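What follows is one structure encoded as structure tokens, with my remarks underneath.
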Amino acid sequence: DVKVTQSSRYLVKRTGEKVFLECVQDMDHENMFWYRQDPGLGLRLIYFSYDVKMKEKGDIPEGYSVSREKKERFSLILESASTNQTSMYLCASRGIAGRSDTQYFGPGTRLTVL
Amino acid sequence: QKEVEQNSGPLSVPEGAIASLNCTYSDRGSQSFFWYRQYSGKSPELIMFIYSNGDKEDGRFTAQLNKASQYVSLLIRDSQPSDSATYLCAGYNQGGKLIFGQGTELSVKP
């Protein structure tokens, strides 16, 4: 089974703080993703990575950065947290499903910025 | 037009009934489709995938794909209260990006 873990289930931070969200997968997958999910807006892709040290912007990268120094670990960084970044953050890893592949999600981190 | 569309619901069915969840897609080149279940406050969990036209059954779940009409559906037989969740449909577009629908909320009433 694919296992994707995230460093925290719940996180409360203050406006202006630097926030690190970490994601680890144990299946040697090359592709990893960060999403945020908000009511009525669905899943929105923030950043993704095809390989170590490689990153690509998703649909809403503003206010975020990422780091992928090791294949199993993909970090999302909020340089200066703002209240509009309060959300559920979901990490995913791309792996095999039948004869195709799809994304497997971590448990999520619910971030509240005060 | 959204690439993958679902009715947001909520869809309410009585316990023991068949729940039918539908999804349409705009990219005719899409080949692979996935259904995820997401309980409130939890992350999406893959429950079904389908690549070929027709039906694919797994226990109480049946996924259906009709490429000519560009729709995908998920049937849940003998619905249980524990099936109450949001169901996300997803498919790859020709650019290789996995596109998620907004999800359909299902409520199964005892």
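Chains as they are written, first to last, in my numbering: chain A, 1 to 114; chain B, 1001 to 1110.
A virtual CB, placed ideally from N, CA and C, is assigned to each residue, including glycine.
All figures in this text were calculated on a predicted structure; none of them were measured in a lab.
Give the DSSP bridge partners of B:Pro-1014, in chain order.
-> If you number the second sequence from 1, residue 1014 of chain B lands on position 14. B:Pro-1014 is bridged to B:Lys-1109.
Name the chain A residues that come within less than 9 Å of B:Gln-1070, Cβ to Cβ?
-> Here residue 1070 of chain B refers to the residue found at position 70 of the second sequence. The CB of B:Gln-1070 never comes closer than 9 Å to any CB in chain A; the least such distance is about 18 Å.
Step through the CB atoms of chain B and report whether any lies within less than 9 Å of the CB of A:Tyr-47.
-> Within the first sequence, residue 47 of chain A is the residue found at index 47, counting from 1. So, not an interface residue.
Answer yes or no: does any C-beta atom of chain A fall closer than 9 Å to that of B:Glu-1005?
-> For the purposes of this step, residue 1005 of chain B is taken as residue 5 along the second sequence, with counting starting at 1. By this cut-off, B:Glu-1005 is not an interface position.
Do you know how far the Cα of A:Lys-53 is from the Cα of A:Arg-68?
-> Position 68 of the first sequence, counted from the start, is the residue given in the question as residue 68 of chain A. Position 53 of the first sequence, counted from the start, is the residue given in the question as residue 53 of chain A. For A:Arg-68 and A:Lys-53, the distance between alpha carbons rounds to 5 Å.
Is the CB of A:Phe-105 under 9 Å away from at least one CB in chain B?
-> Counted from its first residue, the first sequence places residue 105 of chain A at position 105. By this cut-off, A:Phe-105 is an interface position.
Residues of chain B with CB under 8 Å from A:Arg-99, in chain order?
-> Sequence index remark: in the first sequence, residue 99 of chain A carries index 99 (1-based). Result: Tyr-1051.
The stretch 1058 to 1071 of chain B in contact with the stretch 1013 to 1028 of chain B per 3-pair CB rule at 8 Å = yes
Residues that A:Leu-41 bridges to, as DSSP identifies them = On the first sequence, residue 41 of chain A is found 41 positions in, with the first residue counted as 1. DSSP lists no partner for A:Leu-41.
Using only alpha-carbon positions, find the residue among B:Gly-1095, B:Ser-1040, B:Gln-1038 and B:Leu-1021 that is nearest to B:Ser-1032.
-> Position 32 of the second sequence, counted from the first residue, corresponds to residue 1032 of chain B. Among B:Gly-1095, B:Ser-1040, B:Gln-1038 and B:Leu-1021, the Cα nearest to that of B:Ser-1032 belongs to B:Gly-1095.
For the stretch 1042 to 1066 of chain B, which residues have a CB atom closer than 8 Å to at least one CB atom of chain A, in sequence order?
-> Flagged, chain order: Lys-1042, Ser-1043, Pro-1044, Glu-1045, Leu-1046, Phe-1049 and Tyr-1051.
Return the bridge partner residues of A:Lys-13 from the DSSP annotation.
-> Taking the first sequence and counting its residues from 1, one reaches residue 13 of chain A at position 13. DSSP, once it has assigned bridges, lists A:Val-113 as partnering A:Lys-13.
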